[in-house]
Amino acid sequence: MQTFRTRPGVLLLDVLIGVAVFSIIVSGVIYALLFAQTSTLKSGDHIRATHLNQQSIAGVKSIRDNNFADLTEGIFGVSIGESGLWELSGTGSVSDDGFISNVQVTSIDSNRLQLVATTSWDLGAVRIGESSLVTDITDWHREQAASNWGNVSLDSAYIDAGTPLFNAAVASDSFAFVTSEISDGGAGLYVFDITDTGSPNRVAEGYTLGSAGYDILLVDDMLYVVTGDDGAEIQIFDTTNASSFSATDRVATINVPGNSKARSIVLVSNTLFVTSLEDSTEAEIFSYDITDLGAITLLDSLEDAGASHTSIVVQNGYAYTATTNDTKELRVIDAFDAADLQFAVGGGGYNVPDTPDGTSVTAFGGYVLLGRLQGDLTEELHLFDVSESPVPTAAPFNAETGQSVNALDAEPTGTYAFAATNHDNQELVVLDIDTFVGGGNPIVDVWDTSTGLGRGVTYDSLHDRVFLMTNSAFIILQPSS
359 MQTFRTRPGV
369 LLLDVLIGVA
379 VFSIIVSGVI
389 YALLFAQTST
399 LKSGDHIRAT
409 HLNQQSIAGV
419 KSIRDNNFAD
429 LTEGIFGVSI
439 GESGLWELSG
449 TGSVSDDGFI
459 SNVQVTSIDS
469 NRLQLVATTS
479 WDLGAVRIGE
489 SSLVTDITDW
499 HREQAASNWG
509 NVSLDSAYID
519 AGTPLFNAAV
529 ASDSFAFVTS
539 EISDGGAGLY
549 VFDITDTGSP
559 NRVAEGYTLG
569 SAGYDILLVD
579 DMLYVVTGDD
589 GAEIQIFDTT
599 NASSFSATDR
609 VATINVPGNS
619 KARSIVLVSN
629 TLFVTSLEDS
639 TEAEIFSYDI
649 TDLGAITLLD
659 SLEDAGASHT
669 SIVVQNGYAY
679 TATTNDTKEL
689 RVIDAFDAAD
699 LQFAVGGGGY
709 NVPDTPDGTS
719 VTAFGGYVLL
729 GRLQGDLTEE
739 LHLFDVSESP
749 VPTAAPFNAE
759 TGQSVNALDA
769 EPTGTYAFAA
779 TNHDNQELVV
789 LDIDTFVGGG
799 NPIVDVWDTS
809 TGLGRGVTYD
819 SLHDRVFLMT
829 NSAFIILQPS
839 S
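Counting in the working numbering, the sequence shown runs from 359 upward without gaps.
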């Protein structure tokens, strides 16, 4: 009989290996449990911080409602004083559970303030968590008369010899910047001296964007242009020397995921929101931190499968987009935390009857106005009351333009809104909002041009003018005196 003998050293080695493997497994399980618990705690901390930020903003709004003049620029804590009313105190406030909150108040103009509410908390090991919310508030007590846009007249126009297919415009005190397609010789971006709005003069005529230009906005001296450049869909320019505008004025770009599909932008504080056409492998809504133009960072993105988002506006912490989604032509996104975008509670949007796509959106005074392609069964304009709920719960007010609406804007008092349309004898439509809400026909005036379809429209508050963009013209319209 053959006998096998086990050496004691081998047996001991087996035991040690077994213990080590068991320790690794147990450690992994414990780590997974601790990681899950830590993630849950972080999520809870973030929710708590968001609540405190919302509370701070609500407190400042309460002070505004009492007396707008009590709000001054600076960084403050917000708390309830001995009188039982909200007040600004010190440079921050500390909650019972150790969260530190403050609100930075910045003047936009004599009638508007920007609020940035920030809450931070201790994550341990010298790490700090932080969350911020941004919103604008107005002195709603102040009466501001709107010009009479019920009777529109021509101030001036630049008519191109070709068909640039102008898209959008924005203006500074002295210059207007207008985007276009490039398919028929357009420059992509045009610069006009409008020191005299009655005589626009094109400058920097040798400049071409090199790709189509779509949406556009101007903040201080920085110009943000949505382009068809794959790899540089957002281009940012310094306009300090607008009269000699050139490629060297470009200071930053953003490569938006997808191939040349970005279409619309809006800037809130240091967060740039971007929407794009549908992409089967990428999201359609993006948020970027542009605090440092040399190090722009993507904060978050949101997918809306099968839908293009062609226009965006932000009001009271919510982003509203016009989409091609047949069951959500108006989308509503909770944008209070730009690093955590999500469709708003309550359905995330509104399904307007019939299937024509949403094309454009604007917002003012508790209302959101949606424009759509022409439909057989429903109108092209839909006005939603969002004063009580960010996601509309009631059917909108509706109005007929007879053709597709391509772009929308409104003047800041919310008295009038403007629509650029495909109608061959009313490329611009002027809407009276009070009449709209009252259930009447809101169209109080129209403008007819022989220069092509109404492709874009912008109300310019600096000059109290409406810019209408058509196939071949940049038209400046004025209210009646």
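We put the CB at the ideal spot given by N, CA and C, even for glycine. Small disclaimer: the values here were computed from a predicted structure and weren't measured.
Quick one: any contact between the segment 764 to 773 and the segment 744 to 752, if contact means 3 or more CB pairs under 8 Å? no
8 Å is my cut-off, CB to CB: does residue 768 come that close to chain D? The chain inventory of the structure shown lacks chain D, comprising one protein chain alone.
Got a sec? Which residues, its chain only, sit under 7 Å from residue 437 by beta carbon, not counting five neighbours each side? 445, 447 and 451
Sub-8 Å separation of residue 431 and residue 476 beta-carbons: no
Reduced DSSP secondary structure (H/G/I, E/B, other) of residue 410: helix
Going by DSSP in three states, residue 803 sits in which element: helix, strand or coil? strand
Neighbourhood of residue 588 by C-beta distance below 6 Å, restricted to the same chain and skipping five residues each side: 617 and 618
Chain-order list of residues whose beta-carbon lies under 6 Å from that of residue 700 (same chain, five-residue window excluded): 692
Need the endpoints of the beta strand (DSSP E) that residue 614 sits in, please. Note, residue 614: premise wrong, no beta strand (DSSP E); not H, not E.
Burial state of residue 579 (16 or more Cβ within 10 Å): exposed
Please return the same chain residues whose Cβ sits closer than 6 Å to the Cβ of residue 802, not counting the five positions on each side in sequence. 508, 788 and 790
If you follow the alpha helix (DSSP H) that residue 629 is in, where does it begin and where does it stop? No alpha helix (DSSP H) holds residue 629; the beta strand (DSSP E) holding it covers 629 to 634.
Would you say the beta carbon of residue 643 comes nearer than 7 Å to a heavy atom of the ligand SAH? In the structure on display, the ligand SAH does not appear, and there are no ligands present to speak of.
Of the residues 721, 712 and 720, which one's Cα is nearest the Cα of residue 731? 712
Quick one: grab the DSSP three-state call for residue 428. helix
Look at the alpha carbon of residue 494 and the alpha carbon of residue 414, and state the distance between them as a whole number of angstroms. 13 Å
Quick check on the burial criterion: 16 or more other C-beta atoms within 10 angstroms. Buried or exposed for residue 395? Bear in mind that a pLDDT of 47 at residue 395, under 50, signals an unreliable position, so the number given afterwards is only what the model happens to contain. Exposed, by the Cβ-count rule.
Nonlocal neighbours in the same chain, by C-beta distance under 6 Å from residue 733, ignoring five residues either side: 712 and 714
Pull up the CB-CB distance for residue 523 and residue 511, whole angstroms please, since I reckon it's below 8 Å. Between residue 511 and residue 523 the Cβ distance is about 25 Å, and since that is not below 8 Å, they are no contact.
Following the continuous beta strand (DSSP E) through residue 791, name the residue where it begins and the one where it ends. From DSSP, residue 791 is part of no beta strand (DSSP E) but of the alpha helix (DSSP H) over 791 to 795.
Could you check if residue 590 is buried or exposed, using at least 16 other CB atoms within 10 Å of its CB as the buried criterion? buried
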